[in-house]
């Protein structure tokens with residue numbers, strides 16, 4: 004084979020593979036929703052805080068990597084609940100910065116759990 008043919012083949016291969024972008028699938032879209040999602044009696048300490056620690060702390064524990072948004076502890080989290088930015092961001096709603104950044108939404112059960120807690124007044128329980 005000629006060198007020019009191999010060079011063209013290499014360039015076409017690179018072009019083909021570079022069009023494949025990163026895509027983060029939502030587990031529920033692929034496998035269906037978890038029917039065991041219980042949003043009754045949601046508490047901050049038992050339900051909401053573990054979600055925030057697991058999903059948000061990598062950037063928002065101190066705010067250093069998260070644009071100054073700190074979600075560590077009830078008081079800090081409540082600030083973002085009260086201004087609507089927490090739920091808007093995790094639901095990827097229009098006008099909000101979608102969180103987690105550069106990833107699919109967190110599972111619907113986790114979003115529903117946080118929403119239920121907010122609907123109940125977002126108590127420190």
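In the numbering used here, the protein residues as written are 4 to 128. Virtual Cβ for every residue (Gly too), placed ideally from N, Cα, C. Since we're looking at a predicted model, the values are computed, not measured.
Nearest C-alpha to residue 105 among 93, 78, 122 and 64: 93. Within the same chain, 63 and 66 come within 6 Å of residue 72 by CB-CB distance, once the 5 residues on both sides are set aside.
For residue 89, the enclosing alpha helix (DSSP H) starts and ends at 88-93. Membership of residue 113 in the alpha helix (DSSP H) is indicated by the continuous run 111-122. Separation of residue 97 and residue 91 (C-alpha to C-alpha, rounded to the nearest whole angstrom) is 8 Å. Contact between residue 45 and residue 123 holds, with the beta-carbon distance rounding to 7 Å and staying under 8 Å. With a 10 Å radius around the Cβ and a threshold of 16 neighbouring Cβ atoms, residue 55 comes out buried.
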